[in-house]
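Residue numbers (full-length UniProt numbering), protein chains in the order written: chain A, 1 to 327; chain L, 1 to 327.
What follows is a set of notes on a single structure, which appears directly below.
Number of protein chains: 2
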Amino acid sequence: MKPKIEDVARLAGVSRTTVSRVLNNRGYISTETRENVHKAMNELNYFPNDVARSLFNKRTNLIGLIFPTISNPFFGELTFHIENICAKLGYKVLLCNSLNRIDEEEKYLEMLMRNQVDGIIVGTHNRGILNYHQQNLNVVAIDRNLSETIPVVSSDNYAGGETATELLISKGCQHIVHINGSGELETPAKLRRKAYEDVMERYGRTPITYEILEAFDRPSQQEVMSKILDEQPEVDGIFASSDLFAAAFMAEAKKRGKDIPKQIKVVGYDGTETGQILLPELTTIQQPISLIAQTAIDILLKKIEGEVNDLPLEIRLPIKLLKGETT
Amino acid sequence: MKPKIEDVARLAGVSRTTVSRVLNNRGYISTETRENVHKAMNELNYFPNDVARSLFNKRTNLIGLIFPTISNPFFGELTFHIENICAKLGYKVLLCNSLNRIDEEEKYLEMLMRNQVDGIIVGTHNRGILNYHQQNLNVVAIDRNLSETIPVVSSDNYAGGETATELLISKGCQHIVHINGSGELETPAKLRRKAYEDVMERYGRTPITYEILEAFDRPSQQEVMSKILDEQPEVDGIFASSDLFAAAFMAEAKKRGKDIPKQIKVVGYDGTETGQILLPELTTIQQPISLIAQTAIDILLKKIEGEVNDLPLEIRLPIKLLKGETT
DNA sequence: CTGAAAGCGCTTACAG
DNA sequence: CTGAAAGCGCTTACAG
Numbered sequence: 001m002k003p004k005i006e007d008v009a010r011l012a013g014v015s016r017t018t019v020s021r022v023l024n025n026r027g028y029i030s031t032e033t034r035e036n037v038h039k040a041m042n043e044l045n046y047f048p049n050d051v052a053r054s055l056f057n058k059r060t061n062l063i064g065l066i067f068p069t070i071s072n073p074f075f076g077e078l079t080f081h082i083e084n085i086c087a088k089l090g091y092k093v094l095l096c097n098s099l100n101r102i103d104e105e106e107k108y109l110e111m112l113m114r115n116q117v118d119g120i121i122v123g124t125h126n127r128g129i130l131n132y133h134q135q136n137l138n139v140v141a142i143d144r145n146l147s148e149t150i151p152v153v154s155s156d157n158y159a160g161g162e163t164a165t166e167l168l169i170s171k172g173c174q175h176i177v178h179i180n181g182s183g184e185l186e187t188p189a190k191l192r193r194k195a196y197e198d199v200m201e202r203y204g205r206t207p208i209t210y211e212i213l214e215a216f217d218r219p220s221q222q223e224v225m226s227k228i229l230d231e232q233p234e235v236d237g238i239f240a241s242s243d244l245f246a247a248a249f250m251a252e253a254k255k256r257g258k259d260i261p262k263q264i265k266v267v268g269y270d271g272t273e274t275g276q277i278l279l280p281e282l283t284t285i286q287q288p289i290s291l292i293a294q295t296a297i298d299i300l301l302k303k304i305e306g307e308v309n310d311l312p313l314e315i316r317l318p319i320k321l322l323k324g325e326t327t
Numbered sequence: 001m002k003p004k005i006e007d008v009a010r011l012a013g014v015s016r017t018t019v020s021r022v023l024n025n026r027g028y029i030s031t032e033t034r035e036n037v038h039k040a041m042n043e044l045n046y047f048p049n050d051v052a053r054s055l056f057n058k059r060t061n062l063i064g065l066i067f068p069t070i071s072n073p074f075f076g077e078l079t080f081h082i083e084n085i086c087a088k089l090g091y092k093v094l095l096c097n098s099l100n101r102i103d104e105e106e107k108y109l110e111m112l113m114r115n116q117v118d119g120i121i122v123g124t125h126n127r128g129i130l131n132y133h134q135q136n137l138n139v140v141a142i143d144r145n146l147s148e149t150i151p152v153v154s155s156d157n158y159a160g161g162e163t164a165t166e167l168l169i170s171k172g173c174q175h176i177v178h179i180n181g182s183g184e185l186e187t188p189a190k191l192r193r194k195a196y197e198d199v200m201e202r203y204g205r206t207p208i209t210y211e212i213l214e215a216f217d218r219p220s221q222q223e224v225m226s227k228i229l230d231e232q233p234e235v236d237g238i239f240a241s242s243d244l245f246a247a248a249f250m251a252e253a254k255k256r257g258k259d260i261p262k263q264i265k266v267v268g269y270d271g272t273e274t275g276q277i278l279l280p281e282l283t284t285i286q287q288p289i290s291l292i293a294q295t296a297i298d299i300l301l302k303k304i305e306g307e308v309n310d311l312p313l314e315i316r317l318p319i320k321l322l323k324g325e326t327t
């Protein structure tokens, strides 16, 4: 069996209390005892049991992550950065992919609570659920408005939408269509759409938005792209609210012999590392992914440490236009 | 404070034992008591503390994942599937991105042990480390030979390399170059290279392989691609051991005005969902990612359940050629 | 500088 | 069908 503190104590000829103290570097301990204890720990190849520690400390150093799917490069890279930063700070990451299904999110949330996570970072919607349990739960949202009291970290979606739309207009596009996710989700990403609409109206254009309801289902995605090309034969500009949408549209357009950027110009959103490698020619609005991760963790840790004062409720981080060959 | 079992017991007018029993559905309990207990739990919004449970049960239902980086779509999608399957089976996933740094892996491994994970799925190398602690650790590797006793699940890398190389030859390529990761890693992916070399020799060609040492550093990646084009001016076929490598090469080739596939044909490896969306024109060898995830978990769970008999030590899952426009 | 005792929230033999 | 007691592996006041 795994050695426990008692085994170490016996071998070192001291009490469990003493072993615990050298383990935690707490209280005074003679150098000799300390050395003996360390020797015993090495000999037994002892590792403390963090489950037992957590039970006593009421602290797990566990952060729960609930995202729609880590398969999506944006969430994949976000999760990567979050995990990396957490690891440096001594936190561990429990991963959940809800696929935006409400019932799954509820289950995951309960699971995380049972596991006594110190905090949760959420990238899915479902306003209701969290409120209920919110009691002593430390939560930070990324790009999702969960409730009035939960801080939200996101890229400056409005500026992103504005930049994208203005770029297309400045390039001479006359018939610009926007592709967005489901309008039912209460997300700041709605601001991308709002900005698009505002800019369009400012220029006297009629905004046209297509929604992709099943963002993670490729066939239904293609269907929408195909529909756009059918219904908007004059389309010469696309602002897609994700690079994956942009790519899906481009594939469909190419199938129909459309030349990008000559006939249709395309701007995406996200600007992930993976996107940059696989589709470097795409013009896109880049989100500061690692900064989003860092910011979310900063706020979450403050909440965990009980610094509840003047925590910002909404943080918008700057986006960056990456000019490619699709515009 | 969070309610505990004692609070429920008091409210329901029974003992903690009884509450625990209805919680775990163990032993006989009168319907009446059961209902009372449930009522009390609802009233208090009680959730059992899994940390305490784990301590007693010596079972955490936690699976540790150590991968180089979840940013890479292959590992991202693999992790997604693993997490999904685990969730259905009542397991939770603790995520670690080692970036292939040995010291990080060692730290992560210790962290996972301290947290009493029931098992670990590893997608990084570093043979030595695991052996040492291997004692009561349940480990399954994905695409990495960690030691003689740790089962390895991977795609049929040899068949993949063979298929890719033969395709390029059948398309008339005369000067085929292979791009692989670091040759220092003890991975079954070496078989992709071996297959390439075998096929080349079978056809009387000289195999030429370039290695990318820093797989996660874009500039150094581009450097190698540039070097290939400099040193192999006659190259007309590329077999890259990942889609990201393939894309990086294609970008560099396009910069130099090379036409793909007319002047150079390219075959990648992985065939991730993300890759299919962002770079659908790439011909590639698709790994059965969700099957790899399922298989790894099957084996891991058997190990966890103590079924040590006749566990396969090496499983090769079938690959699939996805024909695109780059060949 | 060190140890005995109590307790973190749960579960499970053992009695009744 | 139900409860009192012991224990999972650790930590921390409290004594000495």
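Backbone N, C-alpha and C fix where the C-beta goes; we use that ideal spot for every residue, glycine too.
Euclidean distance between Cα positions of residue i and residue j
i	j	result
Asn-84/L	Asn-97/A	7 Å
Lys-190/L	Gln-222/L	22 Å
Asn-145/A	His-125/A	7 Å
Leu-281/A	Asp-118/L	Per the sequence shown, residue 281/A should be read as Glu rather than Leu. Looking at the two C-alpha atoms, the distance is approximately 45 Å.
Thr-33/A	Ala-9/A	11 Å
Ala-248/L	Glu-186/A	37 Å
Val-308/A	Glu-106/L	36 Å
Leu-279/A	Ile-297/L	33 Å
Ala-51/A	Ala-52/L	First, the amino acid is wrong: residue 51/A is Val here, not Ala. Taking the straight line joining both Cα atoms gives about 8 Å.
Leu-137/A	Pro-3/L	14 Å
Cys-173/A	Ala-240/A	15 Å
Leu-23/A	Ile-315/L	42 Å
Leu-112/L	Ala-40/A	22 Å
Ile-82/L	Val-19/L	34 Å
Asp-310/A	Thr-149/A	12 Å
Leu-317/A	Gly-160/A	10 Å
Ser-30/A	Arg-21/A	11 Å
Helix, strand or coil at residue i according to DSSP, with G and I counted as helix
i	result
Ala-248/L	helix
Ser-154/A	strand
Ile-228/A	helix
Tyr-196/L	helix
Ile-191/L	At residue 191/L the sequence reads Leu, which differs from the Ile that was named. The answer is helix: DSSP assigns Leu-191/L an H, G or I state.
Gln-286/L	strand
Ile-85/A	helix
Phe-216/A	coil
Ile-29/A	coil
Environment of residue i [buried if 16+ CB atoms lie within 10 Å]
i	result
Thr-295/A	buried
Asn-45/L	exposed
Arg-256/L	exposed
Glu-162/A	buried
Met-250/A	buried
Asn-42/L	exposed
Leu-89/A	exposed
Glu-110/A	exposed
Gly-181/L	buried
Tyr-28/L	exposed
Residues bridged to residue i [DSSP beta-bridge criterion]
i	result
Lys-92/L	Leu-62/L
Arg-316/A	Ser-154/A
Glu-211/L	Asn-180/L
Gly-119/A	Ile-63/A
Lys-323/A	Partner(s): none; Lys-323/A has no beta bridge.
Lys-265/A	Gly-237/A
Val-139/L	Ile-120/L
residue 331/L	Absent from the model: residue 331/L. The displayed extent of chain L is 1 to 327, so no value can be given.
Proximal residues to residue i (C-beta, below 6 Å), its chain only, five neighbours per side dropped
i	result
Asn-157/L	Pro-188, Ala-189, Leu-191 and Arg-192
Phe-245/L	Ile-179
Leu-54/L	Note that residue 54/L is Ser in the sequence shown, not Leu. Around Ser-54/L: Thr-60.
Arg-205/L	none
Residues of its chain near residue i, where Cβ-Cβ distance is below 8 Å and the 5 sequence neighbours each way are ignored
i	result
Tyr-203/A	Ile-169
Asn-115/A	Thr-60, Leu-62, Gly-64 and Leu-94
Asn-36/A	Ala-12, Gly-13 and Val-14
Ile-264/A	Val-235, Asp-236, Gly-237, Ile-238, Ala-253 and Lys-258
Ile-299/L	Val-140, Pro-151, Val-153, Leu-311, Pro-312 and Ile-315
Residues near residue i by beta carbon distance below 7 Å, same chain, minus five either side
i	result
Val-224/L	Tyr-210 and Ile-212
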